[in-house]
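Residue numbers (full-length UniProt numbering): 1 to 361.
The structure under discussion appears below in the form of structure tokens.
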């Protein structure tokens, strides 16, 4: 991987201060070191391997996770961020607040934000930067390389003249999105200027709602607290998934949160293989550490992966479970989740149809 960085000097951009330039140069060296023993997937042609650096006019390998609130995205985002040489965007549409974007007029605005960020264009992302600065400990800190680079000079992290050259150093970009429904992602998949793949992360609505019930900010907002809206979105996402799988079979994949949690090493390794990423020792270490310990904090990713995905069986009453099932029967059947028919079976039954695969249309 060493040869993707040529040794000639990189010109300092006119709006960069000397301090910014020093940080960017240091990060470039860190990426070189991090990728020293990188093993490329056979799915990434040698020609493309040499043309991944945006600051050299290349196109990075981009992987986007699309899901919704409280569906396991913090963990999968952390896994992607742990991959060598990755610039990670966490919830870049937070400026739209607790709203699910299902169509216009918000859809075009959201896609424009994503397109700007994926092209390292921070000049036109004032709202994104303002919200990120306000929520820095929940958003920017998930981009570990960026945050480590400017942790002692945090104000730099929110300046376009710094973020643009910093972002353009990275051969890999990842992003997790929780505000935008799946069918609206199709335009990004079809953009020939983006070397992009999409992971759709789905979770049993009973588990999602159990997690949402614990969040006061969520309960107050219809797009988060209303189980009917959640399951309508799951049905819409299922239709979109069938379409994307047919149109872009090499660029789109579905991952169930429960499968990923209960068999993390296998599922994440398979996902990385599909995405053309190296399941490196550092990624393996992250997965092991974050699936064998437990931390009850809502936004921490240290979990006992054999317990958490099905914990709703112990935490929700049968009455609440039954209410969710009545509103979500179609969505649950589509995504391979089984209903429980009585209280005596609730605590121990297996709610998963296994294995789960999208049907070929």
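Quick reminder that beta carbons are idealized off the backbone N, C-alpha and C, glycines included.
Because the structure is a prediction, the values reported are computed rather than measured.
Mind reading off the beta-carbon distance from residue i to residue j? Whole number of angstroms is fine, and I expect it under 8 angstroms.
| i | j | result |
| --- | --- | --- |
| residue 41 | residue 336 | At roughly 28 angstroms, the Cβ-Cβ gap does not stay under 8 angstroms, so residue 41 and residue 336 are not in contact. |
| residue 181 | residue 226 | Between residue 226 and residue 181 the Cβ distance is about 15 angstroms, and since that is not below 8 angstroms, they are no contact. |
| residue 96 | residue 110 | 7 angstroms |
| residue 86 | residue 80 | 6 angstroms |
| residue 170 | residue 31 | 7 angstroms |
| residue 129 | residue 122 | 7 angstroms |
| residue 358 | residue 262 | Going by Cβ atoms, the distance from residue 358 to residue 262 rounds to 19 angstroms, so no, they are not a contact pair. |
| residue 176 | residue 91 | 6 angstroms |
Give me the DSSP bridge partner(s) of residue i.
| i | result |
| --- | --- |
| residue 201 | 255 |
| residue 156 | Answer is none; residue 156 lacks a bridge partner. |
| residue 172 | 61, 86 |
| residue 350 | Beta-bridge pairing links residue 350 to no other residue. |
State the Cα-Cα distance for the pair residue i and residue j, rounded to the nearest angstrom.
| i | j | result |
| --- | --- | --- |
| residue 288 | residue 142 | 18 angstroms |
| residue 321 | residue 313 | 8 angstroms |
| residue 331 | residue 125 | 35 angstroms |
| residue 354 | residue 204 | 13 angstroms |
| residue 250 | residue 264 | 22 angstroms |
| residue 272 | residue 257 | 15 angstroms |
| residue 220 | residue 230 | 14 angstroms |
| residue 159 | residue 259 | 39 angstroms |
| residue 116 | residue 279 | 28 angstroms |
| residue 183 | residue 18 | 44 angstroms |
| residue 191 | residue 119 | 12 angstroms |
| residue 210 | residue 89 | 26 angstroms |
| residue 161 | residue 316 | 49 angstroms |
| residue 24 | residue 166 | 6 angstroms |
| residue 189 | residue 248 | 8 angstroms |
| residue 363 | residue 69 | Absent from the model: residue 363. The displayed extent of the chain is 1 to 361, so no value can be given. |
| residue 325 | residue 339 | 7 angstroms |
| residue 102 | residue 236 | 10 angstroms |
| residue 16 | residue 35 | 26 angstroms |
| residue 147 | residue 352 | 38 angstroms |
| residue 58 | residue 132 | 27 angstroms |
| residue 168 | residue 105 | 30 angstroms |
| residue 136 | residue 214 | 22 angstroms |
| residue 127 | residue 153 | 21 angstroms |
| residue 348 | residue 134 | 42 angstroms |
| residue 51 | residue 174 | 17 angstroms |
| residue 343 | residue 217 | 30 angstroms |
| residue 300 | residue 284 | Reliability of the predicted coordinates at residue 300 is poor, the pLDDT of 49 falling under 50, and no value is obtained from them. |
Taking the alpha carbon of residue i as the point to measure from, which residue in the options has its own alpha carbon closest?
| i | options | result |
| --- | --- | --- |
| residue 53 | 67, 267, 28 | 28 |
| residue 378 | 49, 179, 103 | Missing from the structure shown is residue 378; the chain here goes from 1 to 361 and no further. |
| residue 286 | 37, 33, 77 | 77 |
| residue 62 | 215, 92, 44, 197 | 197 |
| residue 292 | 281, 282, 308 | 308 |
| residue 255 | 344, 148, 199, 70 | 199 |
| residue 33 | 145, 218, 59 | 145 |
| residue 47 | 36, 60, 55, 342 | 60 |
| residue 341 | 323, 356, 334 | 323 |
| residue 212 | 238, 71, 328 | 71 |
| residue 228 | 26, 328, 348, 43 | 328 |
| residue 356 | 318, 343, 238 | 238 |
| residue 163 | 216, 55, 269 | 55 |
| residue 44 | 274, 157, 21, 253 | 274 |
| residue 157 | 318, 344, 20, 343 | 20 |
Is residue j closer than 9 angstroms to residue i when the C-beta atoms are compared?
| i | j | result |
| --- | --- | --- |
| residue 346 | residue 207 | no |
| residue 66 | residue 223 | no |
| residue 83 | residue 140 | no |
| residue 93 | residue 178 | yes |
| residue 155 | residue 240 | no |
| residue 149 | residue 26 | yes |
| residue 360 | residue 282 | no |
Using a Cβ-Cβ distance cut-off of 9 angstroms, determine whether residue i contacts chain B.
| i | result |
| --- | --- |
| residue 80 | Looking for chain B here will not work: only one protein chain is present. |
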